[in-house]
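Protein chains in written order, with our numbering: chain A, -11 to 205; chain B, -11 to 205.
The beta carbon of each residue, even a glycine, is placed where N, CA and C say it ideally should be.
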DNA sequence: ACCTGAACACCGTTCAAGT
DNA sequence: ACCTGAACACCGTTCAAGT
């Protein structure tokens, strides 16, 4: 699994072949079929490892706020550090089983704090969508080149080929090489988290349900 | 291109082979190489068509608000209707050239209305990340099965196999079959859009720059 | 410029055979 | 249970050849 992810990192998702993995661990391609039924199962395993790496970075699990923040930041950071892993997100399979424990704890904590079930999903979705969507947005907007220079070139190329046609695009492209994407992500994730917290408080007031535990907030 | 997207729809992304496309349009595989240099160029073309389909559904381009709302809703709706197209998002290549005109118009309108360049990117990213991230979140959470039943099964399976272990997961899973994801997405996108508008107003006050045109607001 | 058909180097996977 | 090696049906792509 680790070998597969490391190949993905270096060669891209298309480079992850059963033959390549086998070669790297010094075995025959068919030897791997003892451990995975087929390639789709191998991708499931990679998704599993991805989720583990994301949740491993979470610093605190004492409140739903810190868990939600941790899982969102982790997803963003890991996918930014390993852009070639993003195709794993688009694959089928649902939440990997390695994530059941964490998600269960997160939801338990949210429900305990007064979230309605649908509001918990809404909050969870709001924050996580922003995190993984940010990675996709940066890639879609700026391209997925390894070096920033390539991204700038991608955005500037059409502008230069037809001067004046895309004036606003050009004015943004001119600034892009001085951007730190974290400065875009950071206020965004903060804003989502405070918004979610405000919704929780309001939902608690409406339902008249008190907090289960003051200590966690 | 349309044939490629239709195969993607029916057979999944892995089914999109040069041989399959050629067979469907009644030609030899090698005949396609007159129109695409290689498979990566073919994927670029598919991304291009995807963007065109998304922006075709935009109802009004009179204000940056309606453009931003339109592109976000379009991305969400198209990807929900064609889940097998999501892998195209994870591919490299940057913004397809068919999107230059629209994005240029959007940014021009935002800059005119008083957004700083970085704030325009922030707002654009906030709304679009939520839209495409929502699709991914629903797939990651619920799996990508065609039928809702399969999604429920995916979430319920671990719960049933180890009863009581994931109580909160189970309580959410029990409600999932009555959910309409649009009811999660709808308030989310509304909230993002009003938030962005508030930020624009504040940014305009801070810079002391007046609106370029009252009519557009 | 556009299309063909044979060929090449790859891929996931099956199968029969070994330990 | 675990591993091998040959084989099969596929894939993207090259190449020489045709119009």
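Chain A within 9 Å of residue 91 of chain B, Cβ atoms only: yes
CB of residue 90 of chain B within 9 Å of CB of residue 55 of chain B, strictly: yes
Three-way DSSP call (helix, strand, coil) for residue 129 of chain B in this model: helix
Beta carbon of residue 41 of chain A nearer than 9 Å to that of residue 9 of chain A: no
Neighbouring residues, chain B, relative to residue 95 of chain A (Cβ below 7 Å): Those within 7 Å of residue 95 of chain A in chain B are 156, 157, 160.
Spatially closest choice to residue 78 of chain A from A:153, A:192, A:120, by CA coordinates: Cα-wise, what sits closest to residue 78 of chain A is A:120.
Any C-beta of chain B under 9 Å from that of residue 122 of chain A: Closer than 9 Å: yes.
Spatial distance of residue 98 of chain B from residue 92 of chain B (CA atoms): 10 Å
Boundaries of the alpha helix (DSSP H) in which residue 95 of chain A is found, first to last residue: 88 to 100
Where residue 110 of chain A meets chain B, residues with beta-carbon distance less than 8 Å: Near residue 110 of chain A (Cβ distances below 8 Å), the residues of chain B are 172, 175, 176.
Residue interval of the alpha helix (DSSP H) (run including residue 2 of chain A): Note, residue 2 of chain A: premise wrong, no alpha helix (DSSP H); not H, not E.
Whole-number beta carbon distance between residue 107 of chain A and residue 191 of chain A, since they are thought to touch under 8 Å: 5 Å
Chain-ordered neighbours of residue 103 of chain A on chain B, where CB pairs are closer than 7 Å: Under the 7 Å cutoff, chain B gives no residues; its nearest Cβ is about 11 Å from residue 103 of chain A.
Own chain, CB closer than 8 Å to residue 111 of chain B, minus 5 neighbours either side, in chain order: 56, 98, 103, 184, 187, 188
Any alpha helix (DSSP H) of 4 or more consecutive residues that is wholly inside the region 21 to 45 of chain B: Listed in chain order, the alpha helix (DSSP H) elements of length 4 or more contained wholly in the region 21 to 45 of chain B are 27 to 44.
Distance between residue 88 of chain A and residue 58 of chain A (C-alpha atoms, nearest Å): Going from the Cα of residue 58 of chain A to the Cα of residue 88 of chain A covers about 16 Å.
Contact set for residue 20 of chain A: own chain, Cβ-Cβ below 7 Å, skip 5 residues either direction: Closer than 7 Å at Cβ, skipping near neighbours: 6, 9, 10.
Residue 3 of chain A classed as buried or exposed, judged by whether at least 16 other C-beta atoms fall within 10 angstroms: exposed
Proximal residues to residue 175 of chain A (C-beta, below 6 Å), its chain only, five neighbours per side dropped: none
Under 9 Å between C-beta atoms of residue 180 of chain A and residue 118 of chain A: In this structure, residue 118 of chain A lies closer than 9 Å to residue 180 of chain A by Cβ.
Beta-carbon proximity list for residue 95 of chain B, same chain, < 7 Å, skipping 5 on both sides: 108
Euclidean distance between Cα positions of residue -8 of chain A and residue 37 of chain A: 10 Å
Burial state of residue 170 of chain B (16 or more Cβ within 10 Å): exposed
N-terminal and C-terminal residue of the alpha helix (DSSP H) that residue 55 of chain B is part of: Looking at the DSSP string, the run of the alpha helix (DSSP H) that includes residue 55 of chain B is 52 to 69.
Any C-beta of chain A under 9 Å from that of residue 129 of chain B: yes
Residue 74 of chain B at chain A interface by Cβ criterion, 9 Å: yes
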